[in-house]
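Protein chains in written order, with the numbering used here: chain H, 2 to 80; chain W, 8 to 286.
Glycine included, each C-beta is placed from N, C-alpha and C at the ideal position.
Read the structure below first, then the notes.
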């Protein structure tokens, strides 16, 4: 099994944004990945894209609904 | 903590939550991520009136980090840029192992405070930060051992029950953070803030955290009930509807201004230590 999700890339630009350090980008969701999600992409802490990521599930099942709860600020914090 | 505390003009502690660990610059372009950026933000927040900074650590690319080494870099930067701020490390960590969760407690010096999540919190579609009683007890024991004041993170009313389970083991006064927002947190409504505040044991010190658009009304109501307040980009990226916040300090400045208008003096770090029983 690969060390990271097959949909993960590290990019310095995209979505009209540019970063000095390459950041996690999901080619399934076509967007940069939030830091917490990047732990799933990288299989850290026993997380697995195949089990734990709704974007992965949607991409592999062909579902058009890859909408996750990226949420507003309501779900942002990890205290 | 009651309305009488407000009437008696008890000083309010303002906490600045600078960066968090869920989102990063991909979502909030002006979010401080590096130790240098967090240190600078802490300096601005101290000048604006904050007495506590709530810290997370990140990798150079913004992703979550839990190691004592990465927390050391952040806390060193904050301490070098500020005069007297109380440093509070997060021990939150969805999916991270119990051992990793304790790493932020192991900097030198230890943080004066640390967060202690009191129960489960759902994340995205498939994740839950479990926060079992076992890890709560383990983290709390290490905090006690290292002289770290816990801030009990009460995401909802059930977590207040969980807090009462360890109440007798807490050093006085217990410090509870009441959290209002979406998902597993308490539904943000004034009546729910009153309900939770009324259920706190006497002599509890409590803080109010409202996510997103609830940050301003919930913290303002908290001021009237004698509570303390937490603001910052970790919890809320907007200053007002449709207008992104310029910085953490801007959100602190507003909280301080409202407290002043309501005639609650803002606690200095020294006063905050006295209120919270931090030696």
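Listed as beta-bridge partners of residue 33 of chain H by DSSP are H:26. Of all residues in the region 92 to 118 of chain W, the ones placed with a Cβ closer than 8 Å to any Cβ belonging to chain H are 97, 99, 100, 101, 102, 103, 104, 107, in chain order. Shown in chain order are the members of the region 29 to 49 of chain W whose Cβ falls below 8 Å from a Cβ of chain H: 29, 30, 31, 32, 33, 34, 36. If you draw a straight line from the Cα of residue 187 of chain W to the Cα of residue 164 of chain W, it is about 11 Å long. Taking a Cβ-Cβ threshold of 9 Å, the residues of chain H close to residue 68 of chain W are 11, 20, 22, 23, 24, 25, 36, 39, in chain order. Scanning its chain for C-beta atoms nearer than 8 Å, with the 5 sequence neighbours on each side dropped, one finds around residue 47 of chain W the residues 39, 88, in chain order. Selection W:208, W:245, W:94 evaluated against residue 114 of chain W yields W:94 as nearest (Cα-Cα). Of the residues assessed, residue 261 of chain W falls on the buried side of the cut-off, its CB having 16 or more other CB atoms within 10 angstroms. Using a Cβ-Cβ distance cut-off of 8 Å, the region 199 to 213 of chain W and the region 239 to 248 of chain W are not in contact, since fewer than three pairs of beta carbons, one from each stretch, lie closer than that value. The DSSP assignment places 156 to 161, 182 to 187, 212 to 217 as complete runs of the beta strand (DSSP E) inside the region 147 to 227 of chain W, in order along the chain (cut-off: 3 residues). Within chain H, the residues 52, 53, 54, 55 have their CB atoms less than 8 Å from the CB of residue 133 of chain W, given in chain order. Excluding its 5 nearest sequence neighbours in each direction, residue 181 of chain W has C-beta neighbours in its own chain below 6 Å: 211, listed in chain order. Contacts with chain H (Cβ-Cβ distance below 9 Å) from the region 51 to 68 of chain W involve 61, 63, 65, 66, 67, 68, listed in chain order. With respect to chain H, the C-beta atom of residue 71 of chain W has a partner C-beta closer than 7 Å.
Residue pairing by DSSP puts residue 61 of chain W in a beta bridge opposite W:24, W:95. Take the alpha-carbon of residue 174 of chain W and the one of residue 21 of chain H: they are about 46 Å apart. Beta-bridge partners of residue 109 of chain W (DSSP): none assigned.
In chain H, no part has a C-beta under 8 Å from the C-beta of residue 261 of chain W; the shortest such distance is about 16 Å.
The region 73 to 89 of chain W makes no contact with the region 47 to 66 of chain H; the number of CB pairs closer than 8 Å stays below 3. Here the alpha carbons of residue 45 of chain H and residue 4 of chain H stand approximately 9 Å from one another. Here the alpha carbons of residue 9 of chain W and residue 208 of chain W stand approximately 11 Å from one another.
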